[in-house]
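Peer 1:
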RNA sequence: CGGGGUGUGGCGCAGCCUGGUAGCGCGCACCGUUCGGGACGGUGAGGUCGUGGGUUCAAAUCCCGCCACCCCGACCA
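Numbering (the working numbering), first residue to last: -11 to 404.
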């Protein structure tokens, strides 16, 4: 994509109405646009990052038998009344509205109830189980206070996976597979060394739920972590008794702030019973389906990564989620330079490298500053200098060293 | 929802205390000089001063209401 064509404009100064570094960086670099408190639009670059994160999550969900679908945003009141979760006293973050005929509908803050009820239309026999479905959907939550940029917003994208199992044993086995899949996801995103499986409140269904907490100064959770055992306890359930129960040593736990990037819940069969989600077993007996729900906040993850993968010059995306592989900076308008840069652009593009080609007539300093701010993994420079050497300059965003390559070596060097 | 702060061209800000024809920087457009880490000079466009009311000859400025945004707290499935 050429810089002269893409819908992108960076800013030198941070917006006054943002303090969170994720929002400052993402707005300055042209990834997101703030529309209201806790309401952000994804610009072309931001959308690419979100799609890249989704793809990693999608691959790991598919690998454990998940099937992708898409639920609706409008939800029926009666459905949520069945589980006593329509009332604002039970769920205080509802956005609610009315149809023209005056009947009430809710805007999706979760899809646990709708998806469970929908599945009851498809699950009748033990032969229909287990079933694993997931989606990437926009959640709307009327947060009393949105904050920390896109770490806590009123409208955000979440991956939610739901498991429907025959019994507790089958459920537990899948639950463990999801934990393993989540570890894989955070490893691929480069966050595994700072992301901990965390014991948190499982009320009212089980004693514990599990969260994946990423160590982050801007996070809003407090956890106590054991670095060796890669396990943590959320402050909300922290006690001597719990430490003992989990086989941890109080003296080895470090108190840290963290951001919740994933969570998994065991609902047991209580919700299934209320929603009529039952099946007939091998002996003809009616049984309630065992339910589990597994979330990953996709846009929050983007915010966490923006905070974590950054330096004083801007973003430093891991290759897997970066909106492009390479920032190609053309430092001059001279014909020879333009021709060489155009050639590099098509060669790289043809070899499968995605390139953001800065073909503007801007000064070098501005291009370098933009390249650093936007944070693509690699930068290629074409200038009169590089042409004199009959080569192209390659530099990693994380490394100040530059390397010279011939055109035919460039694609290979980037793939390496 | 409690406490604190802030709303002035697209962005960042000054002006407000002490009322008197709205200013600076960035960005934008054009001209010239520049050209390897956000250049320089010149010209120009662009503003219901968040909003509603009040005081006054006169309100960005003083008073009252409301709205929005940020931070702290409460909340956070």
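The beta carbon of each residue, even a glycine, is placed where N, CA and C say it ideally should be.
#1: Which residues does DSSP pair with residue 279 in a beta bridge?
#2: What are the boundary residues of the alpha helix (DSSP H) that residue 397 is part of?
#3: Tell me whether residue 8, by its Cβ, gets closer than 8 Å to a heavy atom of the ligand SAM.
#4: Determine the extent of the beta strand (DSSP E) in which residue 198 is found, giving its start and end residues.
#5: Just verifying my parser: in three-state terms, what is the DSSP assignment at residue 161?
#6: With contact counted as at least three CB pairs below 8 Å, one residue from each stretch, are the region 40 to 60 and the region 293 to 313 in contact?
#7: Cutting at 7 Å between CB atoms, please list the residues of its own chain near residue 395, excluding the five before and the five after it.
#8: With DSSP as the reference, label residue 353 as helix, strand or coil.
#9: Helix, strand or coil, according to DSSP, for residue 247 in the structure here?
#10: Okay, do the region 102 to 112 and the region 136 to 143 touch, 3+ Cβ pairs below 8 Å being the bar?
#11: Would a C-beta distance cut-off of 9 Å place residue 279 and residue 153 closer than the cut-off?
#12: To the nearest angstrom, report how far apart residue 116 and residue 268 are at their CA atoms.
#13: Using C-beta distances below 6 Å, list every residue in its chain close to residue -5, excluding the 5 sequence neighbours before and after it, in chain order.
#14: Considering Cα atoms alone, identify which of 121, 113, 63 is closest to residue 91.
#15: Less than 9 Å between the beta carbons of residue 302 and residue -1, yes or no?
#16: Under 6 Å Cβ to Cβ from residue 349, same chain only, skipping five residues before and after it: list those, please.
#17: Tell me whether the region 249 to 269 and the region 212 to 219 touch, counting them as touching only if at least three CB pairs, one residue from each stretch, are closer than 8 Å.
#18: Kindly list the residues whose CB is nearer than 6 Å to the CB of residue 315, restricted to its own chain and excluding five residues on each side of it in sequence; keep chain order.
#19: Using only alpha-carbon positions, find the residue among 260, 178, 118, 145 that is nearest to residue 157.
Peer 2: Looking at the coordinates:
#1: Counted from its first residue, the first chain places residue 279 at position 291. According to the DSSP secondary-structure assignment, residue 279 is paired through a beta bridge with 152, 256.
#2: Here the question's residue 397 lines up with position 409 in the first chain. 395 to 403 is the span of the alpha helix (DSSP H), which, as asked, contains residue 397.
#3: Looking for the ligand SAM in the displayed structure turns up nothing, as the structure carries no ligands at all.
#4: Residue 198 sits at position 210 when you count from the first residue of the first chain. Element bounds for residue 198: 196 to 203.
#5: The count along the first chain starts at 1 and reaches residue 161 at position 173. Looking at residue 161 - three-state DSSP - the assignment turns out to be helix.
#6: Contact between the region 40 to 60 and the region 293 to 313 is present: 3 or more CB-CB pairs across the two stretches fall below 8 Å.
#7: Counted from its first residue, the first chain places residue 395 at position 407. Correct list, in chain order: 331, 332, 335, 380.
#8: Along the first chain, read from residue 1 onward, the residue named residue 353 stands at position 365. Note: residue 353 maps to helix in three-state DSSP.
#9: The count along the first chain starts at 1 and reaches residue 247 at position 259. The answer is strand: DSSP assigns residue 247 an E or B state.
#10: Contact fails: fewer than three Cβ-Cβ distances are below 8 Å.
#11: Residue numbering aside, residue 279 sits at position 291 when the first chain is read from its first letter. Residue numbering aside, residue 153 sits at position 165 when the first chain is read from its first letter. Their beta carbons are under 9 Å apart, which means residue 279 touches residue 153 by this criterion.
#12: Position 128 of the first chain holds residue 116. Position 280 of the first chain holds residue 268. If you take the alpha carbons of residue 116 and residue 268, they lie about 10 Å apart.
#13: Within the first chain, residue -5 is the residue found at index 7, counting from 1. Once the five neighbours on either side are set aside, the close Cβ partners of residue -5 are 32.
#14: Translated into the one-based positions of the first chain, residue 91 becomes position 103. Looking at the Cα atoms, 63 is the closest of the given residues.
#15: Residue mapping note: residue 302 aligns to position 314 of the first chain, counting from 1. Residue mapping note: residue -1 aligns to position 11 of the first chain, counting from 1. Contact flag unset, no.
#16: Sequence index remark: in the first chain, residue 349 carries index 361 (1-based). Taken in chain order, the residues that qualify are 321.
#17: no
#18: Reading the first chain from its first residue, position 327 is the one you call residue 315. Same-chain partners within the cutoff: 344, 359, 364, 367.
#19: Walking along the first chain from the start, residue 157 turns up at place 169. The option with the nearest alpha carbon to residue 157 is 118.
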